[in-house]
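The next block holds one structure in the form of structure tokens; read it before the comments.
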Amino acid sequence: MDPEVQIRVPLDVPAEEDLLKQPVFPLIHAIKKDIEERIDSSLSWDQLNAIDVNYSIFRPLVFKYAKHRNYSIVYACLVVRTHFINSASQDLAFAPLKLTRADACELLALKLLRRFTGDSNNPIDLFSVLTVSWDPLQGCPDSCLGDIREIAGEDVQRGESASALEIAISSEAKRFIASPLVQTCITDIHTGRVVFSAPATRGSILADNYKQKHVQVYDVHHTPWLDHYRLRVPRYRGIMEFVDFAVLLFLFVLCLHNKNFEYMNWTEIVFIVFAFGFLLDELTAALEHGWDVYIQNMWNGFDLAFAAIFIGFLGCRCRALVKQDYWWNDLAFDILACGACILFPRLAFFLIKNNLIILALQGMIAEFFVFIMLAAVCFSGLLFTLWTLSRGSATWTLPKIAWLMTQVWFGNTFLSFTVAESFHPVFGPILMVIFAALSNTLLITIMISILSNTFARINEHASEEYLYQFAISTLEGVKSDALFSYQPPFNIVALLFLYPLSTCLSPRQLHTVNVLLIRITSFPQLIVIGIYERYFAPGSRFITTTKVTGSSMFDSLSRQFRFVETFMGSSRDNVMDAIFDIDVPPNVTNVFSTDERELGMEDSDTFGKAQEPEEEARRGRPELTLSPTPRRDLSQASRTYHEEQPNSPLARLFGSVRQRAISAQGDALGDIKKIGEAMESLKVAAMPSDKLRQEIRELSERQPIDFEGEVTLFHFVLLRSVGKGAFGKVRVVQHKQTRDLYALKYINKAKCVKMKAVANIIQERRLLEEIDHPFVVNLRYAFQDDENCFFVLDLMLGGDLRFHLERLGSLSEDAVRFYVAEIASALTFLHEKRIIHRDLKPDNILLDEKGHAHITDMNIAVHYSERRMLTGVAGSMAYMAPEVLTKKGYTYTIDWWSLGVCAYELIFGKRPFRGKTNSDLTHAITRDSLKFPEDASTKCSREGVYVLMGLLERDTTRRLGCKPNGEGFEELKKQAWFKNFDWDRLEDKELEPPFVPDSKRANFDATHELEELLLEDNPLKARPRKANQDVTQLSAEMRQMEEQQVDS
1 MDPEVQIRVP LDVPAEEDLL KQPVFPLIHA IKKDIEERID SSLSWDQLNA IDVNYSIFRP
61 LVFKYAKHRN YSIVYACLVV RTHFINSASQ DLAFAPLKLT RADACELLAL KLLRRFTGDS
121 NNPIDLFSVL TVSWDPLQGC PDSCLGDIRE IAGEDVQRGE SASALEIAIS SEAKRFIASP
181 LVQTCITDIH TGRVVFSAPA TRGSILADNY KQKHVQVYDV HHTPWLDHYR LRVPRYRGIM
241 EFVDFAVLLF LFVLCLHNKN FEYMNWTEIV FIVFAFGFLL DELTAALEHG WDVYIQNMWN
301 GFDLAFAAIF IGFLGCRCRA LVKQDYWWND LAFDILACGA CILFPRLAFF LIKNNLIILA
361 LQGMIAEFFV FIMLAAVCFS GLLFTLWTLS RGSATWTLPK IAWLMTQVWF GNTFLSFTVA
421 ESFHPVFGPI LMVIFAALSN TLLITIMISI LSNTFARINE HASEEYLYQF AISTLEGVKS
481 DALFSYQPPF NIVALLFLYP LSTCLSPRQL HTVNVLLIRI TSFPQLIVIG IYERYFAPGS
541 RFITTTKVTG SSMFDSLSRQ FRFVETFMGS SRDNVMDAIF DIDVPPNVTN VFSTDERELG
601 MEDSDTFGKA QEPEEEARRG RPELTLSPTP RRDLSQASRT YHEEQPNSPL ARLFGSVRQR
661 AISAQGDALG DIKKIGEAME SLKVAAMPSD KLRQEIRELS ERQPIDFEGE VTLFHFVLLR
721 SVGKGAFGKV RVVQHKQTRD LYALKYINKA KCVKMKAVAN IIQERRLLEE IDHPFVVNLR
781 YAFQDDENCF FVLDLMLGGD LRFHLERLGS LSEDAVRFYV AEIASALTFL HEKRIIHRDL
841 KPDNILLDEK GHAHITDMNI AVHYSERRML TGVAGSMAYM APEVLTKKGY TYTIDWWSLG
901 VCAYELIFGK RPFRGKTNSD LTHAITRDSL KFPEDASTKC SREGVYVLMG LLERDTTRRL
961 GCKPNGEGFE ELKKQAWFKN FDWDRLEDKE LEPPFVPDSK RANFDATHEL EELLLEDNPL
1021 KARPRKANQD VTQLSAEMRQ MEEQQVDS
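If you count by full-length UniProt numbering, then the sequence shown holds residues 1 to 1048, one letter each, in order.
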């Protein structure tokens, strides 16, 4: 459809009462919490769009929030994005992570907008989501409002409302703005097909809210000829601004040409009045949407520059006329003449605004001025030095030295050598040579590199930059201030006439006077717009009739007279365009239709559902077709579909799902369908059942294996994936001979070398060899192949405490007391071995199937010595002890602090010390006093609170558990919290745990298995090692792993 065709769709605008009931404040914090929990590493935009990240992070969030049908969802995402961008500038250490979370908010907003409008049958929902103004405090509870009032120190009863588009512009969400859906909304607003305006309450000079128009589709046949709302259409407004600038430039030239030093002539008076109207129009634009949006438009920078020049001219001119001073008159017109540098290119930019050079100018000019200011600050010391050295000379004054340095900076280096000795015979040449070298060689090179990178970045995203500027200009054109409907200089008349009346007239009376005045002052413009939209706009009745009449007359001519077609060329292009502009009946394309089941693509409603037996019998086996498909090899797809579906859980898990996953890598359209099937397979194969064990036994007996030699991956059956780390993964495996289940941790050697973690892996291996304790995940086997290092560890089917904490919110006091006792026993054993764990947290505490707790992940554990304390900062910051953060040295005492943080979090559902930034968190851990929730007495006994206070004692000499030689553990056991606790039966695991994990469900995140099934290009499998491999040809790191990571 042509962009100018007037659409007529009955639209149902959401009621304002319904919009006011939708919670905004809780939604903002819910999105912030989800993003912070799910995005914990720095990723690029392309990585955020990867399929695995989409399935594991964004799809669950989209499903979670889309079902609520909250129109403020996009606004909330963009507000959270703004928060992360602002916090990134304050916390440079975590700036990459904060910016990644900001990009994730932008991507989530885009996906939610797509989902929100896709599920809606009302086309106006797109415009409502993007253009409705929201108060960020809407739905805020009174308790939070009081805290906000204390922080802000101002009246927060009325938050500053803004729309999603305004937040997107102010936060520079250019990818969001450049998306097709948002551009559809912006284009419709720009052309006037959709009309909306926000209430004129935010900084409006003259508010006229009577008969406020909501979002609606414009129909020219149902509006009056003199429709004053059409003056606010951004497209027409842009044309009128061009005319205004042309008139301003003409008056500017006349004023300079007819300047008179004695008095103001008529040309100068008309120019000043028109310029004042121009300034009022710019002020109205800035106050309407705020300065944040206003300064984002690169053309507004030119307008502000001209406004400054005009104010300077007017001030000098007034002083000259009052004092009758010739010098001030001359200066005034000289200042005004500088405005030509702004007005001439500003008018030209209306015609070439889409040029890449023009788009790059804004960013390059801003960075250029920032660099120049920094250079001026850096060399201000040299300026003062030269002025001090030449103070006895009448030749050099401070302005002259500054001018000399400016000339040298911009290339006149020879001047520095000729006048250097005039400053000082010794220091003068030295200082000037250093300045010339730095300015002309080093700094200029840096500046050129910065500007080149800026231009390259803008060139790479030129379309996004243009659409961003287009969105700004469009949104600026939609203003609700009544002054915006008046063209300069009539807006001055309206301000002087209507502003006093607004204090004494009712809204209806003010609106009537305002409309009358607009129609009088803008009568020619309204007539032209009305005539154009009714008779000359594309799609109008007059244009359509004219085209049909002209085409009929041309077709009625004899062939010998139709020389125009021969002269202009064939009408083939018109035919090509016409075949896509008609509606084709469905039966025309049915002849080429193919049953989607033949391609393995069933209807989305049947994802993961088993077919009824009757339907399978009725359907039968589809006949194999030989017609090729451009997306996929049909024979391969058909073969995959016709294979007999396996009945056993193991075959379903590792057979058909694997085949479907491999074929899905070449067919992006099949991924969504495969995910449902994979989830169903995971439900069946979540835990090894008797049938699964029987099939494992059958598979292991197919091929004889030598169990007497070195342990290899051939000795194990690979089951499901249950975990993933920075460069390693964890899978459940079963030993083919003993039938025992283990956890296999496999680490890619190449990634270890790339991440410089070889020493950590070797150290973890050596530490695990020393450890054998009932409450530690112990090492059973260790081996390697050409690609991976393998650790075979005790299997913990109960999941980690983080998993249960997120599912339950908090744990009972009895369960936490039991876990503290078991972990304390394990820590005492490690400390006797002179080992510090350094990363104790709920994520690293695993439960077995009976509910006993075990410490895992010795990746950053180290040996310690009392003679030489450790100072390295390692671990998770929220669980670090104060002595780690202060870097004053620490030993095993930090593990007892981490145990206290874990116990506190498990009981109350939140950590004892929190902060928005790392600096805030560090301050809280090292300085803030320990506080307990108001409902602490209902969740924890007084004895338990005493234990928590003892573990979270900053003084290591008084911290519970920290006395040397095991005395700290004995002190812990004597606490009243552990009264009647049988410690002797504890290590034998004879005590029954208060909490037992659900054995009927998988206590692991299914995402890891989905990634392994669908996305892993190189799945784990047993491979024989290369024979006669020359170790000397490997890199030093790989050779170190081969030599020290000995199989056992």
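Note that beta-carbon positions come from the ideal geometry of N, C-alpha and C, so glycine has one too.
- Ser161 has its alpha-carbon roughly 41 Å from the corresponding atom of Asp843.
- For Asp794, there is no enclosing alpha helix (DSSP H); the residue is part of the beta strand (DSSP E) that begins and ends at Asn788 to Asp794.
- Burial is judged here by how many other beta carbons sit within 10 angstroms of a residue's own beta carbon; Met869 has fewer than 16 and is exposed.
- Residue state for Val233 is assigned as coil, using DSSP reduced to three classes.
- Scanning the region 103-144 from its first residue to its last, no whole beta strand (DSSP E) run of 3-plus residues comes out.
- Distance from the Cα of Asp786 is smallest, within the candidate group Thr828, Leu374, Phe369 and Ala1022, for Ala1022.
- Ala164 and Tyr75 do touch by the CB rule: their CB atoms are close to 4 Å apart, below 8 Å.
- Rounded to the nearest angstrom, the Cβ distance from Ser502 to Leu510 is 6 Å, consistent with a contact under 8 Å.
- Here Asp955 carries a coil assignment [DSSP, helix/strand/coil].
- A straight-line Cα-Cα distance of about 31 Å links Thr917 and Val722.
- Close CB contacts of Val947 within its chain, under the 7 Å cut and outside five residues either way in sequence, are with Leu960, Gln975 and Trp977 (chain order).
- Just measuring C-alpha positions, the residue of Tyr236, Ile239, Ile472 and Phe127 sitting nearest Trp299 is Ile472.
- Secondary structure remark: continuous beta strand (DSSP E) runs of at least 3 residues inside the region 842-889, in chain order: 845-847 and 853-855.
- Val732 is classed as buried because its beta carbon has at least 16 other beta carbons within 10 Å across all chains shown.
- Counting only the Cα atoms, Cys77 lies some 12 Å from Val62.
- Taking the Cα positions, Glu943 is about 28 Å away from His923.
- When only Cα atoms are considered, Leu361 and Ser41 end up about 34 Å apart.
- 7 Å or more divides the Cβ of Gly909 from the Cβ of Gly799.
- Its chain contains Glu464 and Leu467 as the residues whose beta carbon lies nearer than 6 Å to that of Ala178, once the 5 sequence neighbours on both sides are disregarded; these appear in chain order.
- Contact between the region 412-429 and the region 392-404 is established, with three or more Cβ pairs separated by less than 8 Å.
- In the three-state reduction of the DSSP assignment, Tyr781 falls in the strand class.
- Under the three-state reduction of DSSP, Val215 is assigned to coil, being neither helix nor strand.
- Contact between the region 890-907 and the region 949-956 is established, with three or more Cβ pairs separated by less than 8 Å.
- Residue burial annotation: Gln324 is exposed, with fewer than 16 other C-beta atoms found within 10 angstroms of its C-beta.
- Per DSSP, reduced to three states, the secondary structure at Val717 is strand.
- In this chain, the beta strand (DSSP E) harbouring Asn748 covers Leu741 to Asn748.
- In the displayed model, Ile169 falls within a helix according to three-state DSSP.
- For Val62, the enclosing alpha helix (DSSP H) has its first and last residue at Arg59 to Ala66.
- Nearest to Ile35 by alpha-carbon distance, out of Arg834, Asp142, Phe25 and Arg101, is Arg101.
- With 16 or more other Cβ atoms from the protein chains shown falling within 10 Å of its own Cβ, Gln487 counts as buried.
- Contact between Phe58 and Lys21 does not hold, since the beta-carbon distance rounds to 28 Å and is not under 8 Å.
- Membership of Gln734 in the beta strand (DSSP E) is indicated by the continuous run Gly728 to His735.
- For Ala821, no pairing in a beta bridge is given by DSSP.
- In this chain, the alpha helix (DSSP H) harbouring Ser452 covers Ile444 to Glu460.
- Counting C-beta pairs closer than 8 Å gives three or more between the region 761-772 and the region 858-873, which meets the contact rule.
- Contact between Ile450 and Phe371 holds, with the beta-carbon distance rounding to 7 Å and staying under 8 Å.
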